[in-house]
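Trainee: Chain order of the listed sequences is G and Y.
Throughout the first sequence, residue numbering follows the working numbering, covering 9 to 218 in sequence.
Throughout the second sequence, residue numbering follows the working numbering, covering 9 to 218 in sequence.
Protein chains: 2
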Amino acid sequence: MSDLREKIIQTSLELFDRHGFHGVTVKQIVQQTNTSKGGFYHHFQSKDELLFVIHDTFITYVLKEAQAANVTHSSPIPKVQAIIQSFVQVFDLYKPHISVFYQESLYLKPAYEEEIKGKRDEFKRMVFNVIDEGQKSGHFRKELPLEITGMAILGMVNWIYKWYRRDGTYTIDQIAEVFTDLVLHFLLPGKEDSEYFRHMLKVPFFYESE
Amino acid sequence: MSDLREKIIQTSLELFDRHGFHGVTVKQIVQQTNTSKGGFYHHFQSKDELLFVIHDTFITYVLKEAQAANVTHSSPIPKVQAIIQSFVQVFDLYKPHISVFYQESLYLKPAYEEEIKGKRDEFKRMVFNVIDEGQKSGHFRKELPLEITGMAILGMVNWIYKWYRRDGTYTIDQIAEVFTDLVLHFLLPGKEDSEYFRHMLKVPFFYESE
DNA sequence: TAAAACAGACCAACCAGTCGGTCTTTATTT
DNA sequence: AAATAAAGACCGACTGGTTGGTCTGTTTTA
Chain G
9 MSDLREKIIQ TSLELFDRHG FHGVTVKQIV QQTNTSKGGF YHHFQSKDEL LFVIHDTFIT
69 YVLKEAQAAN VTHSSPIPKV QAIIQSFVQV FDLYKPHISV FYQESLYLKP AYEEEIKGKR
129 DEFKRMVFNV IDEGQKSGHF RKELPLEITG MAILGMVNWI YKWYRRDGTY TIDQIAEVFT
189 DLVLHFLLPG KEDSEYFRHM LKVPFFYESE
Chain Y
9 MSDLREKIIQ TSLELFDRHG FHGVTVKQIV QQTNTSKGGF YHHFQSKDEL LFVIHDTFIT
69 YVLKEAQAAN VTHSSPIPKV QAIIQSFVQV FDLYKPHISV FYQESLYLKP AYEEEIKGKR
129 DEFKRMVFNV IDEGQKSGHF RKELPLEITG MAILGMVNWI YKWYRRDGTY TIDQIAEVFT
189 DLVLHFLLPG KEDSEYFRHM LKVPFFYESE
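#1: According to the neighbour-count rule (16 or more other Cβ atoms, all chains shown, within 10 Å of its Cβ), is V79/Y buried or exposed?
#2: For L71/G, collect the residues of the same chain with a Cβ closer than 7 angstroms to its Cβ; drop the 5 residues on either side in sequence, then sort them by chain order.
#3: Please report the residue range of the alpha helix (DSSP H) in which K72/Y lies.
#4: Leaving out the 5 sequence neighbours to the left and right, which residues in its chain are closer than 6 angstroms to E141/Y when beta-carbon positions are compared?
#5: Determine the closest residue to G158/G out of A184/G, Q182/G, F194/G, with distance taken between C-alpha atoms.
#6: If you draw a straight line from the C-alpha of H27/Y to the C-alpha of L114/G, how long is it?
#7: Closer than 7 angstroms to a non-hydrogen atom of the ligand PLP - does that hold for the CB of H105/Y?
#8: Ends of the alpha helix (DSSP H) at L21/G?
#9: Spatial neighbours of V191/G within its chain, please: CB distance less than 7 angstroms, with the 5 preceding and 5 following residues excluded, ordered by chain position.
#10: Against chain Y, does I156/G count as a neighbour if the rule is that its beta carbon must be under 8 angstroms from one of theirs?
#11: Where does T177/G land, buried or exposed, given buried means 16+ other C-beta within 10 angstroms?
#12: Exposed or buried, what is E14/G when buried is set at 16 or more other beta-carbons lying within 10 Å of its beta-carbon?
#13: Checking 8 angstroms against the spacing of the C-beta atoms, do Y102/G and F66/G come in under that value?
#14: Going by CA-CA distance only, name the one from K55/Y, Y49/Y, T43/Y that's closest to G31/Y.
#15: For D175/Y, which of helix, strand or coil comes out of DSSP?
#16: Could you tell me if T188/G is buried or exposed, where buried requires 16 or more neighbouring beta carbons within 10 angstroms of its beta carbon?
#17: Given E73/G, which residues of its chain have a CB within under 6 angstroms of its CB, disregarding the five upstream and five downstream residues?
#18: Could you tell me whether the Cβ atoms of F136/G and L154/G are closer together than 8 angstroms?
#19: Taking 8 angstroms as the CB-CB cut-off, is V79/G touching chain Y?
#20: Looking at chain G, is there any beta carbon in it that lies within less than 8 angstroms of the beta carbon of Y178/Y?
#21: Please tell me whether I62/Y and T41/Y are closer than 8 angstroms, where the distance is taken between their beta carbons.
#22: Q111/Y versus chain G: which residues are under 8 angstroms apart at the beta carbon?
#23: Which full runs of the alpha helix (DSSP H) of 4+ residues lie inside the region 28 to 52 of chain G, going along the chain?
#24: Consider the Cβ of D189/Y: report whether some Cβ of chain G lies at a distance smaller than 8 angstroms.
#25: Looking at chain Y, is there any beta carbon in it that lies within less than 8 angstroms of the beta carbon of E22/G?
#26: Within the same chain, show all residues whose beta-carbon is closer than 6 angstroms to that of V98/Y, passing over the 5 residues directly before and after it, in chain order.
#27: Please report the residue range of the alpha helix (DSSP H) in which G158/Y lies.
#28: Give me the residue from G146/G, I37/G, P86/G with the minimum Cα distance to L209/Y.
#29: Check E216/Y in the structure and name its three-state DSSP category.
#30: Please compile the residues from chain Y whose C-beta is within a distance smaller than 7 angstroms of the C-beta of A160/G.
#31: Going by the CB atoms, is the gap between E57/Y and E151/Y shorter than 8 angstroms?
#32: Any idea what DSSP makes of P118/Y, helix, strand or coil?
#33: Compile a chain-ordered list of the residues in the region 56 to 87 of chain G whose CB is closer than 7 angstroms to at least one CB of chain Y.
#34: Tell me, please, whether the CB atom of F194/Y is closer than 8 angstroms to any CB atom in chain G?
#35: Strictly below 9 angstroms CB to CB, what residues from chain G border L152/Y?
In C-alpha cells:
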C-alpha cells in the first residue's frame with residue numbers, strides 16, 4: 009500500500025483551490041507531488057476522476073454528519089442547532105474540497121455528476137425536512153415559505169467558503185454560534201409582530217392575513 | 009456601428025452559464041453567433057477580456073443600485089430593505105452574468121481581477137456600513153459581530169444564483185420580501201431574550217454578559 | 001517470480017490567437 | 001452627385017504551443 013494517492017489529492021487540492029481545476033495541469037500536479045505521469049495514472053483513471061473523488065469525499069462526510077445530527081436529537085430546535093454547527097465546522101476541515109466542490113462541479117463528467125447530485129439533494133432534503141417539522145410542530149414560524157427559507161440557510165452557510173480563513177478574527181465555532189443565533193432568530197416565532205410591522209411598508213405577501 | 013459585440017456577449021453568457029468559461033471555446037462562441045474568429049477578435053482583445061466585460065457590467069450595476077439606495081434613505085431599516093431588495097432583484101436581471109461572476113472570477117487575468125475586486129469590495133463595504141450604522145444608532149442588535157453578520161447576508165443573497173429560476177414557484181420580488189423579513193428578524197432587537205435562552209444550551213460568546 | 005507501483009518520453013487533439021485579405025460604410029474631394 | 005479615399009467591420013485558413021492521456025519499460029513489494 010502506498011500513500012502516493014493521498015499525496016496527489018492533497019497537492020491537487022491546494023493547486024485547484026488557488027488556480028481552479030482548469031488552471032492546473034496534470035504535469036504541475038505530478039511535479040509538485042514529486043512523482044510522474046505514470047504514478048498519477050496508476051492511481052486515477054483520469055483528471056476527471058480525481059475531480060470526482062474530491063467532490064465525493066466532501067459530500068459524503070457532510071451527509072453522514074447531518075444524518076448523525078438528525079438521529080441524536082428529536083426536537084427541531086436542537087436539530088437545527090446541531091446541523092448548522094456540524095455543517096459550519098465542515099468548512100474548517102474541508103475548505104479546499106469545498107472550494108473545488110462549488111467552483112468546479114460544472115466540469116464533472118455526466119456519470120460522476122449524477123452520483124454527486126444524488127448525495128447533494130439528499131442533504132438538502134434533510135435540511136428542509138427539519139425546518140418543515142419545526143413549522144408543523146409549531147416551533148418555527150409557519151408563515152415562512154419553506155423553499156426560500158431553506159435556501160437562505162444553505163446559502164449563508166455555503167458562502168463561508170468564499171471568506172473563511174483559519175487565521176481570521178473568529179474561530180469556526182464562533183461563526184457557527186452566530187449563524188445558529190441568526191437562524192433561530194428568524195425561525196422562532198418572536199415578539200409581537202406589531203413592533204416589527206411598524207417598520208414595514210406593507211404586510212409581506214406570505215403572512216396569513218386572518 | 010454594429011451590434012455584433014452585444015450578440016457575442018449574449019451567446020457567451022448562455023454558453024458559459026451552461027458549460028463554464030473553460031468548457032466553451034472561442035470557435036463555439038463564434039459559430040453560435042454566426043460570425044468568425046475575425047469578427048470576435050475585432051471586438052475583443054482576447055477571451056479574457058470578454059470575461060472581464062461580463063464581470064464588469066454586473067458589478068458596476070450592483071454598485072450603482074446600492075449607492076442609490078444609500079442616498080434615497082437615511083434610516084438604517086429602510087436602507088437595509090432597499091439594498092436587499094435591489095440586490096435580490098439583480099439576480100433576475102443578470103442571472104447568467106452572476107453565474108459567470110461567481111464561478112469564473114478565479115480565471116480573470118491579474119489586471120482585470122484588480123479592477124473587479126475594487127468594485128466588489130466597495131459594495132461589500134457599503135453593506136457592512138449600513139449594518140454598522142444601524143447597530144450604533146440602536147436600531148439593530150449590538151451584540152452581533154459585524155463581519156459574520158454581514159457575510160451571512162451577502163451569502164444568503166449571493167447563493168440565489170445557484171437555485172433561482174424564472175419559472176420557479178416564487179417571483180424574485182417574493183424572494184426579496186422573504187429575505188428582507190429574515191434579515192430584519194435577526195437584526196432587530198426583539199422579544200425578551202429569556203424565551204430564546206430557554207432553548208440555548210449556553211449564552212453565545214458574543215452576548216455581553218453584564 | 002509475479003504483480004503492483006512508478007518512471008518519463010512520446011503523441012494526437014485541441015485551442016487561443018494571428019494575419020492577409022475582402023466587403024461595407026463613412027468621409028473627402030472633384 | 002459621382003468618384004475616390006480611408007477607415008472600420010468582418011472572414012477563415014493557419015499556427016505554435018499546450019495538454020490529457022498512452023505506452024513501454026524499470027523498480028519495488030509481497
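Positions of the beta carbon are idealized from the N, C-alpha and C atoms, including for glycine.
No experiment lies behind these values; they were computed from the predicted model shown.
Mentor: Reading off the structure:
#1: exposed
#2: K127, E130, F131
#3: 55 to 80
#4: P84
#5: F194/G
#6: 7 angstroms
#7: Because no ligand of any kind appears in the structure shown, any question about the ligand PLP cannot be addressed here.
#8: 12 to 27
#9: Taking V191/G as the centre and dropping the five residues before and after it, the same chain places the C-beta of V88, I92, I161 closer than 7 angstroms to its C-beta, in chain order.
#10: yes
#11: exposed
#12: exposed
#13: yes
#14: Measuring from the Cα of G31/Y, the nearest candidate turns out to be K55/Y.
#15: coil
#16: buried
#17: S94
#18: yes
#19: no
#20: yes
#21: no
#22: Simply Q111, L114.
#23: 34 to 40, 45 to 51
#24: yes
#25: No, E22/G does not count as interfacial toward chain Y.
#26: V70
#27: Unbroken alpha helix (DSSP H) run through G158/Y: 154 to 166.
#28: Checked all of G146/G, I37/G, P86/G; the closest Cα to L209/Y is P86/G.
#29: coil
#30: The CB of A160/G comes closer than 7 angstroms to the CB of M164, F187, L190 in chain Y, given here in chain order.
#31: no
#32: helix
#33: I85
#34: Taking a beta-carbon distance threshold of 8 angstroms, F194/Y counts as an interface residue toward chain G.
#35: V186, D189, L190
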